[in-house]
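Residue numbers (my numbering): 102 to 619.
A virtual CB, placed ideally from N, CA and C, is assigned to each residue, including glycine.
Report on the following structure.
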């Protein structure tokens with residue numbers, strides 16, 4: 102039986118109260134799920150333990166790990182929410198209920214709405230820790246997917262590819278994205294998965310010894326030039342990622358140079374650029390294949406230098422150069438900022454603390470307290486410029502004097518996409534609207550003919566006024582009549598320019614028609 106001590110051993114610097122919280126959550130989950138088994142036949146508690154373990158490995162805090170143990174107790178063990186509140190408090194109950202709510206959002210297979218559903222997941226979660234728990238829950242479910250009936254298995258795998266893996270990518274969690282993609286790919290297209298496995302073996306794993314010998318001159322040059330504290334590792338391209346790249350390259354494997362890439366991890370940014378120069382002094386770079394993601398990070402925050410060179414011994418290879426902090430960021434994304442953790446250590450260095458503080462000022466000014474110091478402004482502006490695109494979009498709507506609080510880690514809530522609302526049609530499609538939108542906006546977003554003939558609106562099965570404000574997750578149904586037409590009052594209800602334009606157009610047509618009759 103899994104032992105909570107294994108998880109506690111991964112969580113350094115815990116107070117006695119924090120250790121006791123995790124232990125109580127483990128015991129509570131074990132008791133409430135006693136006798137419950139998974140499709141695999143193993144105790145249900147194993148799934149809860151693995152979810153909590155993955156969260157601890159990410160470096161998440163004790164309340165998040167505790168919620169990982171408890172995330173299914175209300176939905177699957179019929180535990181009264183008030184019992185959870187009494188035992189663990191409002192915050193952990195909030196996290197559990199957030200995970201439960203996300204579990205009710207189902208992918209309908211409509212690819213045109215996959216992006217809206219990804220956004221809905223993020224907006225509905227309200228707290229980034231809810232997403233972390235849900236992602237780790239999905240990861241373990243994918244690892245045990247062979248025990249699920251075939252039709253459900255394929256649906257879950259597709260949902261993982263379309264929704265969960267892109268969310269992991271958006272959060273900069275490269276390692277999780279790859280793992281989810283490859284686990285799902287094996288079930289969605291087993292034949293293509295097997296083909297990619299063969300390609301990777303031929304062009305990747307079978308060449309590691311050759312590459313190791315090829316790198317010896319580079320190691321010597323780096324040491325000679327004073328870059329002593331560096332390390333190298335090999336990165337095998339994910340199978341699903343390789344498949345997608347092959348599609349883009351019209352299935353010409355000879356044009357893909359990064360099936361096996363070499364990572365060089367150095368102490369500083371200056372060392373990154375010096376290493377790039379040393380590499381190019383040893384091997385000729387391919388034109389157009391030098392990419393500076395340090396000066397110009399990817400939208401999800403990824404930073405590295407990439408170069409593709411021609412070697413004498415192993416032909417064309419890609420090298421990626423980055424610092425340790427860039428490497429953490431590439432692997433764990435936002436989780437590396439939620440709780441910095443390197444090589445099993447939970448100790449946070451000063452620079453990382455300052456960067457975390459900067460990120461959270463822009464991620465959630467609405468719950469942070471206190472005021473930032475004037476001396477931090479230059480750091481804020483510099484770090485904000487290098488932050489992921491999705492984070493900058495949020496931060497630009499707030500003052501650079503946004504309040505700050507050193508307790509941000511456990512109190513973090515997300516304002517992702519807070520200016521949007523995501524609602525469902527009765528068929529399960531997702532409609533993306535501005536916040537405060539009404540059923541009138543919804544109707545015109547679905548189709549102008551529906552908007553022009555609104556007779557009544559239902560939200561979650563109940564009739565509402567046409568001026569009602571829609572909320573995330575609402576199911577909206579519009580009843581129409583041929584005799585129904587827009588009125589001037591509808592302009593007061595409409596939030597979107599589309600709806601207002603269509604209403605004005607319809608009113609103008611009717612005015613002309615009535616004038617022609619008289």
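For residue i, which option in the options has the closest C-alpha, if you only look at C-alpha atoms?
i, options, result
"residue 368", "392, 428 and 394", "428"
"residue 382", "432, 411 and 118", "411"
"residue 385", "375, 417, 372 and 361", "417"
"residue 232", "185, 387, 398 and 196", "196"
"residue 124", "294, 168, 136 and 160", "168"
"residue 150", "191, 329 and 234", "234"
"residue 547", "301, 580, 380 and 163", "580"
"residue 336", "104, 363, 347 and 556", "363"
"residue 331", "314, 296, 565 and 376", "376"
"residue 578", "557, 255 and 589", "557"
"residue 130", "315, 162, 180 and 165", "180"
"residue 602", "573, 552 and 615", "552"
"residue 409", "398, 380 and 317", "380"
"residue 154", "527, 184 and 111", "111"
Tell me which same chain residues have a C-beta within less than 7 angstroms of the C-beta of residue i, skipping the five on either side of it?
i, result
"residue 604", "587, 591, 592 and 595"
"residue 201", "175 and 176"
"residue 269", "236, 277, 278 and 281"
Let me know the secondary structure DSSP gives residue i once reduced to three states.
i, result
"residue 267", "helix"
"residue 103", "coil"
"residue 543", "helix"
"residue 261", "helix"
"residue 393", "strand"
"residue 386", "strand"
"residue 375", "helix"
"residue 556", "strand"
"residue 124", "helix"
"residue 407", "strand"
"residue 474", "Its pLDDT being 31, under 50, residue 474 is placed unreliably in this model, and the value from its coordinates should be taken loosely. Here residue 474 sits in coil by DSSP."
"residue 582", "coil"
"residue 421", "strand"
"residue 415", "coil"
"residue 605", "helix"
"residue 249", "coil"
"residue 370", "helix"
Excluding five sequence neighbours on each side, which residues of the same chain lie with their C-beta closer than 6 angstroms to the C-beta of residue i?
i, result
"residue 311", "415"
"residue 599", "545"
"residue 431", "275 and 403"
"residue 304", "360"
"residue 178", "133 and 134"
"residue 266", "278, 281 and 282"
"residue 257", "none"
"residue 560", "575 and 577"
From the DSSP output, read off the bridge partner residues of residue i.
i, result
"residue 533", "523"
"residue 336", "362"
"residue 144", "138"
"residue 563", "560"
"residue 576", "525"
Please list, in chain order, all residues of the same chain as residue i whose beta carbon is under 8 angstroms from its beta carbon, the five residues on each side excluded.
i, result
"residue 421", "336, 362, 363, 364, 365, 405, 406 and 407"
* Asked: If we count Cβ pairs, one from each stretch, closer than 8 angstroms, do we get three or more for the segment 243-254 versus the segment 391-408?
  -> With a cut-off of 8 angstroms, the segment 391-408 and the segment 243-254 do not count as touching, because too few Cβ pairs lie within range.
* Below 8 angstroms, can you find three or more Cβ-Cβ pairs linking the segment 335-346 to the segment 288-305? -> In short, these stretches touch, since the Cβ pair count reaches three.
* Would the segment 160-173 and the segment 230-241 be scored as touching if the rule is three or more Cβ pairs under 8 angstroms? -> With contact defined as three or more Cβ pairs closer than 8 angstroms, the segment 160-173 and the segment 230-241 are in contact.
* Asked: Three or more beta-carbon pairs under 8 angstroms between the segment 347-360 and the segment 313-323, yes or no?
  -> Under the Cβ criterion (8 angstroms, minimum of three pairs), the segment 347-360 does not count as touching the segment 313-323.
* Is it true that the segment 562-572 meets the segment 523-540, where meeting means three or more beta-carbon pairs spaced less than 8 angstroms apart? -> Output reads yes: the segment 523-540 touches the segment 562-572.
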